[in-house]
Structure formats: C-alpha cells, structure tokens
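Heads up: the protein sequence lines correspond to chains A and B, in order. This note's numbering puts the first residue of the first sequence at 57, with every later residue one more than the last. This note's numbering puts the first residue of the second sequence at -18, with every later residue one more than the last. Cβ atoms here follow ideal geometry from the backbone N, Cα and C, with glycine treated the same way.
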Amino acid sequence: MRAFTTLKGLAAPMDRPNVDTDLIIPKQFLKSIKRTGFGENAFDELRYLDEGEPGKDNSNRPVNPDFPLNFARYQGASVLLARENFGCGSSREHAPWALDEYGFRAIIAPSFADIFFNNCFKNAILPIVLDEKDVETLFAQMYAQEGYSIEVDLPEQVVRTPEGQTFSFDIDAFRKHCLLNGLDDIGITMQSSDDIKAYEQARAQRAPWLFAS
Amino acid sequence: MTAKTLYDKLWDDHIVTQRDDGSALIYIDRHIVHEVTSPQAFEGLRLAKRKPWRVDSILATPDHNVPTTQKERADGVSGIADPTSRIQVQTLDDNCDELGILEFKINDKRQGIVHVVGPETGACLPGMTIVCGDSHTSTNGALGALSMGIGTSEVEHVLATQCLVAKKMQNMLVQVNGKLLHGVTPKDVVLAIIGKIGTAGGTGYAIEFGGDVFKAMSMEGRLTVCNMAIEAGARAGMVAVDDITLDYVKGRTFAPKGEHWDIAEKAWRELTSDEGAHFDKVVTLDAADITPQVSWGTSPEMVSPVSANVPNPDDETDPVKKEGLRRALDYMGLQAGQAITDIHVDRVFIGSCTNSRIEDIRAAAQVVKGLRKADSVKEAIVVPGSGEVKAQAEKEGLDKIFIDANIEWREPGCSMCLAMNADKLGDGEHCASTSNRNFEGRQGYGGRTHLVSPEMAAAAAIKGHFVDVREMMKGEA
Ligand code: SF4
C-alpha cells in the first residue's frame, strides 16, 4: 500500500449531507472486475448531464456546469471537504477507488459512514473527522479564497489552513502506523497465524457444528 | 460477572487477539460471496500467492447481475446479454471452481440473493460472525449473529486470514413496545425507526432490536428489519435468539443435526442481552404510533405515513436541511405539501433482500388476489429472493395470482433493486419498491424510488398510486 504522511493540496467542496456511495460511483460501473478505471466516473451523475455507461467516451459528454468539481478553480484538488454521513449506503470499495483515482487523498467531514470510513484506510485515503463548526470554517474559507489549500499532517494529527490555523483530529494508533508505513493489513495479520489457529481449535471444541464439513 | 449485551457476547466470543489501540482480530465463521465485490479480492489473493484460509467457510452465489426473465436465464451464464455482467458472473464461477468454493450457480435451484440464501440454507446460523462484501449483510443478525458488510480489501483479508481487523462498536437498543396495528408490517416498523433516528443515527453502533414487537415478529420479519439496520447507519443489527429463531433454523440444509444440534441449541439459548446490560443509547417507539410508510425523498430517512403529505422545505429552518429537502423534491418531481396518496407510480417492484422471502410474496399475493394491475402502471414485477422461495411460492400457487393480476413473476436475483441487470426504471419514473434504498439513480438513471412494504407495493400496483393498503384489507381481521 502507498504510504500517507503529509499532504498539502487544493481543497474542493462536496457540499451536501448524506453523500452515498451510489452517488460517488453509480452501479453500472461496478461491473468491472478491475480495481482501476473508476476515477473518470466518480460522481458521474453530478458531473455530466447525461447517463454514463462503462466504456463510453466521456470527452464527448455534456458536462454539468453547475457542479463545483467541474469549476476551473477546483481542478487538481486532492482534499475533499464534505458534510455529515459521507459515504453512506453500499459497501462498494469502488467508491474510495474512484475518489483516489480522481485525485483525492484526504476527505474532511463531520462524520462518515462506518464501512466507507474503513474502506478509505485500505486505500491510503485519509478520512478526517472534525467538529461540524470546524468543517464549516474550512468551507467558508475555501469559498472565500480561490486556490485555497489545506495541509494534512498525519504524524502530528493536524489539519492546517493557509493562515496557519490548526485543527487536530483523532486516528487509531494501528491505522496511523499502517498509513505512515504503507503497510499491507493482510501481511500483518498473517503474523498472527498461530493465534488464529489456536483460536480455531478452541472454537471447534466449543462449536463443533461449525467445522463439521 | 458483568451483564453483557447480545453484541458484547458475540464480540467477546470471536476475539482472536486484542490490540493495544482497541482494535481486535475477530474470527469469521461464515463468509458469503457475490460477483460484484469479490473479483478484485480473488485477484489480490492470487497476485500475493495466497490461498483461502478456510474454504469450507465460504458460500458464493451470483445475484446482482443475473437477469430475471426466463428467456435470458435459459442458457445460464452464456445467455446473459450484457457482456460486462456476463464476465462478472463468469469470473465468480471461475474463482469458485479454481479454489473449490461451494457456489450456487446461476441456474442452481438454490441460487438467489446472498442475504436470502444465507439464512434459508442454514449457512448463516445464530452465534456466528458472518461477513460479505455487501452492506446488507446486516440482515443475518436477525438470527442472533454478528453479521456485517465489508469492503473488497476486507473480503481479501478474510479470504486470506479468516479474520477481520475491527474495533468494537457501541451498543444501541431500539425497542418497539406494544402491538402493531393490523396491516402494519416489519418494513413499516424499520422505515419508521429510520425516519426517527435518521440514516446516520446508528453510525458507530451495533443495534439490537428488542421489545414486544420484535419478540412477536416472525423470522422473515426480523430479517427485513435487520436488513435495513445499515440504512439507519449501523453496520450490524441483531435480534436475540428465542424459540422463533430455533424453529426457523432447525432442519435447514447446513444447520447442525443430532448431537450437534443439542450442543448448539444450548449455546444459542445464551444469545440474549443479560438483564441490566448496558446500552450506550436506547431508542423507544410505541407500536401503536406506526402506520404504513412511504418514502418520498432520496434518502431512507425521508419517509412518512401514507396518510401524510410531502413536507414543505419552507417549514424547515436549518438552511442545510432546507436545501436538502428542496433538492430531494426536485429530483423526485414532487410538489411541496402534496398528498402521498396523490403520487402515481409507473412501475412496481416487489423483491430485493429486504422483502423477497416467502412471507413477503404471500403478503403481496393476498392483496392482489382476484384484482388487476392498473393500466396506468407500465410494469409490475415480483422477483423471489431465491430459487427456494420461487419453488415454494409456485407450490402454493402464488405465481398464478400475480400472473392473473397482470403482474410478472420472475427468476430470483437482485433485479430492480439496483439496476445492474436488465431491470431498471426509466428517467423520471416513479416506482413503488420493496427494496431498501431510494438514492438518486439507484434503480436506474433518473428513477424515482418510493420504499414501501410488499403489501403497500401490491396495493399501488392495483390502484396506480399510493393508498393505505388497510383500506383494501377491510373484511379481514
Ligand atoms: S437486493 Fe439490493 S440491497 Fe440486496 S444485495 Fe441485492 S442489490 Fe444489494
């Protein structure tokens, strides 16, 4: 996995609550058996004015001029500012894959849906939970200032504004360790193989029907 | 010993190792797999030269992409018209064949929606930890199990290690006390709960559904409720084990038999929250307040009794909420304040992992029996959740009731719940749907979903617009 340490990047808005994973990547793109190729259809139904299809040439499609991520000022953004309950709905990991490929490396919101939150860490995207009023501050500053960039400092666990204002955030020690070092979860769990086998034997004693076949 | 909740018990029973930061390695007893979220996981496993830890814990079946017309099903995988869907189903078959994983293939009689097949075959049992790369895995919690949806990286992790890295959630109790009114269904109960606590209300919690209503509810009903725990924001929903659970499980294909049944039953009887166990949050509803529900917006929390009117954004003071309401009504093509019974439907979908079990099919059939679909409704389809449900329904002659009513009877699969297959809504069409999500575009580009119970969907098919199904039930008690 790619490591995540610090990031300084242009911020862009997804200014509505309860953004679900169907909205982040619509179902028709889930038919792919690959992990890549989703970025150009991230937020497809908001980005374009017609219906997207896998394999369709997006360069010929009518672009929605009212969708902020299409504005010139937000091109190249890597920090997404979002509202509460971001990533709710379907467990599809295609959502973080799409956001990652689009270029987002960090997402700041007052709250995230559980499964999406988890999925981000598996893809080296940092979901950051800040107080609602702090998120509001960032939104206001971003709207007021073109080219507004945010610095995310994972070792220090702070978000820094261009003026040097900081907001600290929490993260589990293990997740932080994995992100900072770009560690693959499976490899780490494999180191506990003996524990897993021991547990399994004990479970087979207690619940023999689970191991009957 | 301190009193434990059902969730505490299930969690503690599956800890392999506890880490300092509060996360733990949790052992997974059952892994269910479908075609959409697994190909990248199998590929990852292969690239890392890893093998599944315990093949016999895995059960697979294709559901999202499978066509539901007999015509398109006749030739199995090769008959799937959409090439991308075909490749995805074929890939699942190939992966399962290569690794020796039990799969109910497209035309196997046991094929169906993962969350219907799991409980019905006894592959999912009380006391288990169950995962699947699908958020509605919460469904199986109805059996008194810890059952959660996971992402594709986690699917790969569980394949490789039989474990999940997880942090314990908080405990929430949602209790509904009293007795449900006649004609009010489990779907109405769960929609009312979501309407009350909101789609983020359960975020970070495992929800236990308790109180009189759930104690009296059938297993099918409990499955419906736990299915939508995720729409309330909770990764897991569950109901304590009781006689209803045990009666449901006994005799199913993969359920323990003989001596094993006796040991299992003894262990499962313990799967209830202890007297005095601590819940971090308790929400209480009165059964008598719940009436048939219809969602009018683009989030499952945007739901009202059928007798109500669509809300008016002008009545909302919070600017973010006001804007959300305005956008939802705009997308749904509804007028602020219009009566829900004035919403006309273009299509009706009875199916999905929420409401496609035999009890749901029976309930819908009961409503349409001897009546005919309104001509203004372009299409109404009933899609059983599995081959088993389909066979049972046909044995009872329910298929005939639908066909006589000019309602289509289909082959099992996810169908119009998410439109990854040929069943979709057209742009701007309103659908009375028994599924679980009314997100923008969920059932087809521009489609407008109204979440309802099977009874309410059936009633809408007959009348052409929403009605309180209880008005059509007069005469029965
Ligand atoms: S029926 Fe719908 S919600 Fe259920 S598994 Fe299929 S697509 Fe998902």
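How about residue i: is its Cβ closer than 7 Å to a heavy atom in the ligand SF4?
i, result
"Asp115 (chain B)", "yes"
"Ser416 (chain B)", "yes"
"Ile94 (chain B)", "yes"
"His411 (chain B)", "no"
"Ser38 (chain B)", "no"
"Cys144 (chain A)", "no"
"Leu310 (chain B)", "no"
"Leu28 (chain B)", "no"
"Cys334 (chain B)", "yes"
"Leu399 (chain B)", "yes"
"Asp44 (chain B)", "yes"
"Cys395 (chain B)", "yes"
Can a CB atom of chain B be found closer than 8 Å to the CB of residue i?
i, result
"Gln84 (chain A)", "yes"
"Ser248 (chain A)", "yes"
"Leu266 (chain A)", "yes"
"Gly145 (chain A)", "yes"
"Pro73 (chain A)", "yes"
"Thr61 (chain A)", "no"
"Tyr158 (chain A)", "no"
"Ser167 (chain A)", "yes"
"Asp122 (chain A)", "no"
"Lys178 (chain A)", "yes"
"Ile171 (chain A)", "yes"
Establish whether the CB of residue i and some CB of chain A are separated by less than 8 Å.
i, result
"Asn46 (chain B)", "yes"
"His96 (chain B)", "no"
"Pro294 (chain B)", "no"
"Arg0 (chain B)", "yes"
"Ala458 (chain B)", "In this prediction, Ala458 (chain B) has a pLDDT of 43, which is less than 50 and means its spatial position is unreliable; nothing more can be read from the coordinates."
"Phe195 (chain B)", "no"
"Met401 (chain B)", "yes"
"Pro365 (chain B)", "no"
"Gln151 (chain B)", "no"
"Phe330 (chain B)", "no"
"His138 (chain B)", "yes"
"Val14 (chain B)", "no"
"Pro43 (chain B)", "no"
"Phe420 (chain B)", "yes"
Could you compute how far the alpha carbon of residue i sits from the alpha carbon of residue j?
i, j, result
"Asn126 (chain A)", "Ile131 (chain B)", "31 Å"
"Gly220 (chain A)", "Ile206 (chain A)", "10 Å"
"Val299 (chain B)", "Asn74 (chain A)", "The sequence given here has Asp at residue 299 (chain B), not Val. Answer to the nearest angstrom: the Cα atoms are 15 Å apart."
"Ala386 (chain B)", "Asp380 (chain B)", "10 Å"
"Gln71 (chain B)", "Gly93 (chain A)", "20 Å"
"Thr272 (chain B)", "Glu137 (chain B)", "43 Å"
"Met70 (chain A)", "Phe60 (chain A)", "22 Å"
"Val191 (chain A)", "Pro183 (chain A)", "13 Å"
"Ala458 (chain B)", "Val450 (chain B)", "Bear in mind that the predicted position of Ala458 (chain B) carries a pLDDT of just 43, short of 50, making it unreliable; the figure below should be weighed with that in mind. Looking at the two C-alpha atoms, the distance is approximately 13 Å."
"Val358 (chain B)", "Val326 (chain B)", "6 Å"
"Ile252 (chain A)", "Gln347 (chain B)", "50 Å"
"Ala104 (chain B)", "Trp242 (chain B)", "14 Å"
"Phe173 (chain A)", "Ser128 (chain B)", "18 Å"
"Ala133 (chain A)", "Met57 (chain A)", "22 Å"
"Asp408 (chain B)", "Ser254 (chain B)", "47 Å"
"His446 (chain B)", "Val284 (chain B)", "16 Å"
"Leu(-9) (chain B)", "Ala126 (chain B)", "7 Å"
"Thr245 (chain A)", "Gly3 (chain B)", "15 Å"
Which residues in chain B have a C-beta closer than 9 Å to the C-beta of residue i? List them in chain order.
i, result
"Ala200 (chain A)", "Under the 9 Å cutoff, chain B gives no residues; its nearest Cβ is about 18 Å from Ala200 (chain A)."
"Asp190 (chain A)", "Result: empty, since nearest Cβ-Cβ is about 16 Å, beyond 9 Å."
What residues from chain B crowd round residue i, counting only those whose CB sits closer than 7 Å?
i, result
"Phe230 (chain A)", "Arg0, Asp2, Ser4"
"Glu107 (chain A)", "Tyr426"
"Arg216 (chain A)", "None at all; the shortest Cβ gap to chain B is about 25 Å."
"Arg259 (chain A)", "Tyr8"
"Pro110 (chain A)", "Thr65"
"Thr245 (chain A)", "Leu6, His138, Thr142, Cys144, Val146"
Kindly list, in the order they appear in chain B, the residues whose Cβ is closer than 8 Å to that of residue i.
i, result
"Asn141 (chain A)", "Thr180, Ala181, Thr184, Gly214"
"Asp241 (chain A)", "Ser134, His138, Val146"
Determine the chain A residues that contact residue i at a beta-carbon separation under 8 Å, and present them in chain order.
i, result
"His241 (chain B)", "Pro264, Trp265, Ala268"
Segment contact flag, the region 157 to 173 of chain B with the region 197 to 213 of chain B, C-beta cutoff 8 Å, min 3 pairs: Result yes; three or more Cβ-Cβ pairs closer than 8 Å.
Contact between the region 21 to 31 of chain B and the region 153 to 165 of chain B (3+ Cβ pairs under 8 Å): no
Stretch pair the region 194 to 206 of chain A + the region 174 to 181 of chain A: three plus CB contacts closer than 8 Å: Cβ pair count under 8 Å is below three, so no.
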